[in-house]
Each structure stands twice: as C-alpha cells, then as structure tokens.
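Novice: Here you go, one structure.
In the working numbering, the protein residues as written are 99 to 503.
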C-alpha cells in the first residue's frame, strides 16, 4: 500500500525536489504537491495530485491551503521544496508552540512537526551563521570568520582574516546574498548592499497587516574566509538525529562563480560524511538535507560552509551509485530506519537542464551521464522550453542519452 507524501513548494524550477518525485514513487510513495499553478513541479507525470497555492506571501492564505491539503491527502511525511517553504513551515510550528490557534488539525500539525526535526534547532541549520557556529562547537573545520553588525565591523573582520573574503547573508540560497570581496572598500560596499531595502516602521507595519511578516528580510551578515579550493556537497537523509544514508558530490562545473552546479561527480567522501552525520545528530535533523563544503586544493581537507534543509539538485541521483535516499525514507516511515552503506562507485553527471542551459552545444560531447527525464515528456518540454533535443544532439536526438545510460 502506497504511503502519501506532500511536497510544499513556493518557488518555480526547484529541480532538486521536482526530480525527487519519480524515485519517491519508485520507493512506494504516492506524491502530491502544494504549489502555485505554474510551478514546473506540476509537469512531472509521477505527481499524483496538486493542491492550489494561490499566494506565497500572505501567511493566512498559505496556512489555509496547507491545512486543506494535509486533511485531504493525509501524508505520512511533508517535504519542503525550497527555503521559503522551510521558513513558513517553521513559522507555523513556532506559532503552535506559543499557543496560537492554527487552521491545521492536531493530526496534521503532528505530521508537520515529525517531518521537520527538532524544534529547538530550526534556525541552527537554516541560518548560515548558526550552522557554522554549531560546526565549530562540534570540532569541525570551517572557514575563519564571524558576523558583522556594521560596515566598519565587517571591514575589521576582513582585515583580520585577510582578503579576499565572502560576505554572506545568513539567510540566503543558490548563490544569492553572497559577494566575494578583494579589498576593504569592496567589503564596506557589499555590506551596505546586503542590508534590507525597507527599514521604515510603516513598511514593517504594512507587512504585518498584509500577513507577510513571516518572511525574514533582515538577517546577519557573515564575513567568511575565502578557501582556495573547489565546491562540494553531501546529500543525506536524516531521521530523528541520525543519518540513514548519504553520498558526496564534487562540483566540476557550475553556472557561475556562486551559482548552481551543472556537472557533478558523485561518490564517497569520509570527512564530509562524518561532518554531516555529526551535524545531523547535534541538530536532531529529519528529512532530506544537504551540506555545502569547500575542498582545499593544497590539503584536500573539507571546510563546512552551510546547510540546505531541502532536497538538493542531486538528491534524486543517489541510486546511480547505490545510495537510494528515498528508500531510506520509506524504511524509516515504516518503522525500520536502517542505515544504508556509503557508495562504492563514482559517476559523473551533467545535471539537466542546468548544463544544457549553460552550454547546449558542448553537452553533445559529454561522456558521463546526462540526467534528462526522457520518460517524463511534459517535464522535459518544460525544461527545454519546448525546444527539441535534436537542436543539441543532431538528428539522433535523445537516442544519444539512452546509449550513454
């Protein structure tokens, strides 16, 4: 009998959670989504049902839509598809904890809380500054740095660390809110640019009146040492503070300096696995989770940068190297949370449509696996804007993908 899953998605084209629908289905789940009508998530043929989300700003309207979806679908687990969805779900639990009456019934609220991990550590893995602080408490390797409260403070930190440095908003994602600075003057300018645009009390009051005050517009700005290395990540499935399965990814090509990955090499990495396991335990995490690292060129050591409390771009690809995160979740929900062994092989993957959009012509010569959803035609068409793959691969078209798999 299929178990129900509900994905909550606010942002379009979050490929990590979209591509996860198929392996979730293969692991025995029936998947529904609460998302806007135009979300690419609605295009995958593996989605069983969509619940309408007509606002991603007004908290009352979002809450009512979520309550309806939870009552109707009765999911065993809820998966946030992006950071804004994570924040909103956290806010609902916080409101419930303070005694505020919600539209969610008791069973729905319990399901939501069981899906989000330890309440006391919600911000620990969401905010970059708190994630790094926890990692340091656990004795992990992190870039040198700290939080700044003013431009002058940021400059002092940068001068102590030594430029170049990165300035990062504590709540940000996908390379947004991250600026590389080579001089103290650039640090001061970057700090100013990362401040909230609206600090007028009237604006704050208006957000509250319109029920939009749940979304954080002002967070810490961190000054962080620039590690001479290359980016990597660890994708995992956590369950009540235990890491049940995970695998490493090494970024071989990205869309931009701070942008999403386009080509990754999947495999094992003992140091990243150990660090991820320790952070999951310290924060009591549950769900799909990803940790970003920088691997230092000179030493090969892994420096923890931040955490993603949702499926990352490669989460769905674990089964290609023998680590199926969706099956690990199914085992946990059935009451038999079983640790899965680490991967025993490697594979290089061109993420689709990321690498196709970056260089559609060059992709024709790619010798690894091209992760195009050939069995999901509507989703594939959405990814390519209706452009046929033959425009990239010539007359043979998608057959070249099949030959390489």
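Note that CB positions come from ideal geometry on N, CA and C, so glycine has one too.
1) Here's a check: name, in chain order, each residue in its chain whose Cβ is nearer than 7 Å to the Cβ of residue 317, leaving out the five neighbours to either side.
2) Could you confirm whether any beta carbon from chain D is found closer than 8 Å to the beta carbon of residue 285?
3) Quick one: using the 10 Å Cβ neighbour count with 16 as the cut-off for buried, is residue 235 buried or exposed?
4) Is DSSP giving residue 300 helix, strand or coil here?
5) Please name the residue in 159, 483 and 137 whose C-alpha comes closest to that of residue 201.
6) Would you say the beta carbon of residue 107 is closer than 7 Å to some non-hydrogen atom of the ligand MG?
7) Report the rounded CA-to-CA distance for residue 130 versus residue 108, giving the unit in angstroms.
8) Tell me where the beta strand (DSSP E) around residue 390 begins and ends.
9) Got a sec? Which residues, its chain only, sit under 7 Å from residue 206 by beta carbon, not counting five neighbours each side?
10) Rounded to whole angstroms, what's the CA-CA distance from residue 341 to residue 283? Just pull it up for me.
11) With a Cβ-Cβ cutoff of 8 Å, do residue 408 and residue 179 count as a contact?
12) Starting from residue 445, follow the beta strand (DSSP E) in both directions and report where the run begins and ends.
13) Buried or exposed: residue 208, going by 16 or more other Cβ atoms within 10 Å of its Cβ?
14) Give me the Cα-Cα distance between residue 112 and residue 473, rounded to the nearest whole angstrom.
15) Between 290, 322 and 233, which has its C-alpha nearest residue 543's C-alpha?
16) Looking only at DSSP bridge pairs, what is residue 127 linked to?
17) What are the complete beta strand (DSSP E) segments, minimum 3 residues, inside the stretch 126-204?
18) Can you list, in chain order, the residues of its chain with a C-beta nearer than 7 Å to that of residue 430? Leave out the 5 residues immediately preceding and following it.
19) Would you kindly report the start and end of the unbroken beta strand (DSSP E) that includes residue 269?
20) What first and last residue would you give for the beta strand (DSSP E) that runs through residue 329?
21) Please look up how many angstroms separate the CB atoms of residue 470 and residue 141, rounded, as I've assumed it's under 8 Å.
22) Buried or exposed: where does residue 280 fall if 16 or more other Cβ atoms within 10 Å of its Cβ makes it buried?
23) In three-state terms, what does DSSP make of residue 525?
24) With residue 400 and residue 373 assumed to form a contact (beta carbons below 8 Å), what rounded beta-carbon distance in angstroms separates them?
25) Tell me which residues share the same chain as residue 285 and place their Cβ nearer than 6 Å to its Cβ, disregarding the 5 neighbours each side in the sequence.
26) Report yes if the C-beta distance between residue 365 and residue 346 is below 8 Å; otherwise report no.
27) Within 10 angstroms of its Cβ, does residue 138 collect 16 or more other Cβ (buried), or is it exposed?
28) Between the stretch 141-158 and the stretch 439-454, do at least 3 Cβ pairs fall closer than 8 Å?
29) Assuming residue 394 and residue 327 form a contact by the criterion Cβ under 8 Å, report the distance between their Cβ atoms to the nearest whole angstrom.
30) Around the C-beta of residue 161, are 16 or more other C-beta atoms found within 10 angstroms, so that it is buried, or is it exposed?
Specialist: Reading off the structure:
1) 225, 267, 268 and 269
2) Included in the structure is just one protein chain, with no chain D present.
3) exposed
4) Because residue 300 carries a pLDDT of 44, less than 50, the predicted location of this residue cannot be relied on, and no value is offered for it.
5) 159
6) This structure lacks the ligand MG, and indeed carries no ligand of any kind.
7) 14 Å
8) 385-394
9) 165, 168 and 169
10) Taking the Cα positions, residue 341 is about 43 Å away from residue 283.
11) yes
12) 445-449
13) exposed
14) Their Cα atoms are separated by approximately 19 Å.
15) Any question about residue 543 goes unanswered here, given that the chain covers just 99 to 503.
16) 101
17) 127-133, 147-150 and 175-178
18) 337 and 342
19) That residue, residue 269, is in no beta strand (DSSP E); it is neither H nor E in DSSP.
20) 327-337
21) At roughly 14 Å, the Cβ-Cβ gap does not stay under 8 Å, so residue 470 and residue 141 are not in contact.
22) exposed
23) Outside the displayed span of the chain (99 to 503) sits residue 525, for which this structure offers no information.
24) 7 Å
25) 252, 253, 256 and 279
26) Cβ distance < 8 Å, so residue 365 and residue 346 count as in contact.
27) buried
28) Counting Cβ pairs under 8 Å, fewer than three are found: no touch.
29) 4 Å
30) buried
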